[in-house]
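First the structure, in the form of structure tokens, and then the observations on it.
Number of protein chains: 2
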Amino acid sequence: MYGSANVTERQAQAPALAISTVIFALRTDPGSGRSEIWLPLVRRIRQPHLGKWALPGGPLGGSESLQDAAARNLRETTDLEPTYLEQLYAFGGLDRAATQRLVSIVYWALVRPDQADLARESENVRWFRASEAAGLAFDHDEIVAYALERLHGRIEHGSVAYHFLGDRFTLTQLRGVFEAVLGRPLDPANFRRQLRSARDIAATDEVLQGGRNRPPRLYRYTGQNAQAPPPARTPADDRPTS
Amino acid sequence: MYGSANVTERQAQAPALAISTVIFALRTDPGSGRSEIWLPLVRRIRQPHLGKWALPGGPLGGSESLQDAAARNLRETTDLEPTYLEQLYAFGGLDRAATQRLVSIVYWALVRPDQADLARESENVRWFRASEAAGLAFDHDEIVAYALERLHGRIEHGSVAYHFLGDRFTLTQLRGVFEAVLGRPLDPANFRRQLRSARDIAATDEVLQGGRNRPPRLYRYTGQNAQAPPPARTPADDRPTS
DNA sequence: ACAAAAGTGTTTTAACTACACCCATGG
DNA sequence: CCATGGGTGTAGTTAAAACACTTTTGT
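Protein chains in written order, with this note's numbering: chain A, 5 to 246; chain B, 5 to 246.
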């Protein structure tokens with residue numbers, strides 16, 4: 005597949021640098037009422053991998069930070085502002101793209117369901133269930149898989165789950181987020197207790213009316229900064245969006 | 005839209021891509037006998053930041069993976085092979101370097117004490133205590149601080165501690181690693197139990213002779229892959245070294 | 001015999017699990 | 001008044017922390 009001329013040519017040129025973003029949102033299945041993780045993909049309109057679905061992304065602009073470039077990916081594909089944005093990993097394998105050496109710094113983002121509902125879909129932008137996103141262009145299958153792993157880890161320890169929801173939410177909604185990410189049911193009683201102690205949530209005096217059952221209390225997230233761990237003391241870049 | 009003028013313009017403003025590596029090793033203080041974390045730094049022999057100490061690194065070669073470039077950093081500065089190598093973070097702030105836009109993909113590595121003792125020191129390569137590495141070039145102070153945080157996190161959960169040591173080690177040596185990284189003393193009795201259950205270590209039938217006290221048993225690490233979490237299923241690059 | 005580190009045992013405490021039970025609402 | 005999800009209580013299990021205690025070496 006690679007002629008020797010191709011290899012020498014590759015050695016000569018500096019690697020291209022691109023930013024891609026994995027955007028996660030929660031959607032509630034109308035049928036079962038269960039929460040699921042979705043992500044938007046864009047259809048490639050050029051070679052290589054023409055016609056395949058791929059992560060939103062593009063070259064890094066000369067005068068924007070990595071984080072800004074990732075946020076721009078969101079805006080340009082879905083008109084959304086992220087509620088959470090964190091660097092995922094830098095992928096730089098030699099065989100990622102056939103024609104040129106490509107290094108991609110990948111971010112992952114969370115958006116709220118109300119935002120995701122507003123997001124535009126078009127011929128070349130479509131939302132997929134994370135579990136059904138396969139056959140993507142380049143190595144994007146693996147990138148999505150790794151992003152899901154990271155999400156899994158972050159939700160257990162950190163305070164990421166809230167960023168899937170609005171500023172007011174019920175504990176059952178929050179539990180739905182955990183269950184969708186972890187992929188297993190959680191005991192409602194224990195889940196409630198675990199959050200009451202230690203986590204940064206506070207009960208409001210409001211309840212959610214209109215349901216079929218007893219109106220659940222609404223809570224809000226009080227953790228000041230929706231912080232992403234990586235650049236602990238803001239290394240001049242990549243400050244996560246609150 | 006893609007005229008040659010545009011291409012050259014893009015090339016002109018395209019960020020430079022470099023790989024740097026934070027190399028950690030353990031050294032036992034001759035006086036107190038306590039373990040401490042050290043790292044090698046190289047003196048800059050050009051502007052900018054001429055004369056300051058900096059992390060080993062350099063531009064990414066056209067035909068090497070990111071991981072390979074990081075391993076090359078180790079070889080070129082210290083003649084060492086890493087026992088552990090993991091991607092840390094990609095730093096890409098606009099103000100990282102004065103003259104040009106610079107994106108650095110930073111790795112961190114662990115080496116064994118016997119390797120570190122063999123590592124050459126020179127006029128322009130010197131080892132520093134991690135706690136005393138300050139005033140470095142560029143944003144390397146922050147990068148080192150973040151690498152220490154990551155090390156801290158990895159040692160609590162993962163199986164990273166063993167890579168500071170040789171293939172045979174006493175539990176007290178291993179506890180020394182934990183104490184040096186975590187910065188607090190640990191109960192020897194509980195530490196022993198915690199490792200016996202769950203962690204991948206096995207007792208050998210050998211003991212370490214020559215000490216002043218009762219000879220401690222030697223253990224070895226049986227975890228097959230010294231794995232780093234990031235690319236869970238080897239995204240065509242960056243496989244951590246065993 | 002003594003000091004000092006290796007190694008074992010035991011008690012206490014906290015956290016998580018599982019599950020029984022009561023409460024409030026719409027139909 | 002019944003079904004359904006919201007919310008509380010409680011016993012059993014498991015893991016970790018604190019610390020007393022025994023063992024083995026060199027001097």
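Here a beta-carbon is modelled for each residue, glycine too, at the ideal position from N, C-alpha and C.
Could you check where the alpha helix (DSSP H) with residue i kicks off and where it finishes?
{"i": "residue 84(A)", "result": "Residue 84(A) -> no alpha helix (DSSP H), and no H or E assigned at all."}
Is it the case that the Cβ atoms of residue i and residue j are separated by a distance below 9 angstroms?
{"i": "residue 141(B)", "j": "residue 57(B)", "result": "yes"}
{"i": "residue 1(B)", "j": "residue 172(B)", "result": "What is shown of chain B runs 5 to 246, which leaves residue 1(B) out entirely."}
{"i": "residue 169(A)", "j": "residue 30(A)", "result": "yes"}
{"i": "residue 26(A)", "j": "residue 59(A)", "result": "yes"}
{"i": "residue 70(B)", "j": "residue 109(B)", "result": "yes"}
{"i": "residue 114(B)", "j": "residue 28(B)", "result": "yes"}
{"i": "residue 2(A)", "j": "residue 77(A)", "result": "In the structure displayed, chain A extends from 5 to 246; residue 2(A) sits before or after that span and is not available."}
{"i": "residue 73(B)", "j": "residue 23(B)", "result": "yes"}
{"i": "residue 124(B)", "j": "residue 83(B)", "result": "yes"}
{"i": "residue 18(A)", "j": "residue 94(B)", "result": "no"}
{"i": "residue 212(A)", "j": "residue 205(A)", "result": "no"}
{"i": "residue 111(A)", "j": "residue 166(A)", "result": "no"}
{"i": "residue 137(A)", "j": "residue 143(A)", "result": "no"}
{"i": "residue 47(B)", "j": "residue 55(B)", "result": "yes"}
{"i": "residue 20(A)", "j": "residue 52(A)", "result": "no"}
{"i": "residue 193(A)", "j": "residue 38(A)", "result": "no"}
{"i": "residue 122(B)", "j": "residue 156(B)", "result": "no"}
{"i": "residue 117(A)", "j": "residue 32(A)", "result": "yes"}
Just to make sure I have the definition right: I need the residues of chain B whose C-beta is within less than 8 angstroms of the C-beta of residue i. Which are they?
{"i": "residue 19(A)", "result": "21, 64 and 66"}
{"i": "residue 91(A)", "result": "93 and 94"}
Would you mind telling me which residues of chain B sit closer than 7 angstroms to residue i, beta carbon to beta carbon, in chain order?
{"i": "residue 69(A)", "result": "96, 97 and 98"}
Going along chain A, which residues have a C-beta under 8 angstroms from residue i?
{"i": "residue 107(B)", "result": "21, 64, 70 and 109"}
From what residue to what residue does the beta strand (DSSP E) around residue i run?
{"i": "residue 193(B)", "result": "Segment 192 to 200 is the alpha helix (DSSP H) holding residue 193(B); no beta strand (DSSP E) there."}
{"i": "residue 204(B)", "result": "Counting along the chain, residue 204(B) falls outside any beta strand (DSSP E), and DSSP gives it neither H nor E."}
{"i": "residue 94(B)", "result": "88 to 95"}
{"i": "residue 40(B)", "result": "39 to 47"}
{"i": "residue 24(A)", "result": "20 to 32"}
{"i": "residue 222(A)", "result": "221 to 225"}
{"i": "residue 63(A)", "result": "61 to 63"}
Which runs of the beta strand (DSSP E) fall wholly inside the region 102 to 180 of chain A and span at least 3 residues, in chain order?
-> 106 to 115 and 129 to 133
Inter-stretch contact at 8 angstroms, needing at least 3 Cβ pairs: the region 93 to 106 of chain B / the region 155 to 175 of chain B | no
Please confirm if the region 37 to 57 of chain A is in contact with the region 117 to 133 of chain A, defined as three or more CB-CB distances below 8 angstroms between the two stretches.
-> yes
Using 8 angstroms as the Cβ pair cut-off and three pairs as the minimum, do the region 73 to 92 of chain B and the region 178 to 196 of chain B touch?
-> no
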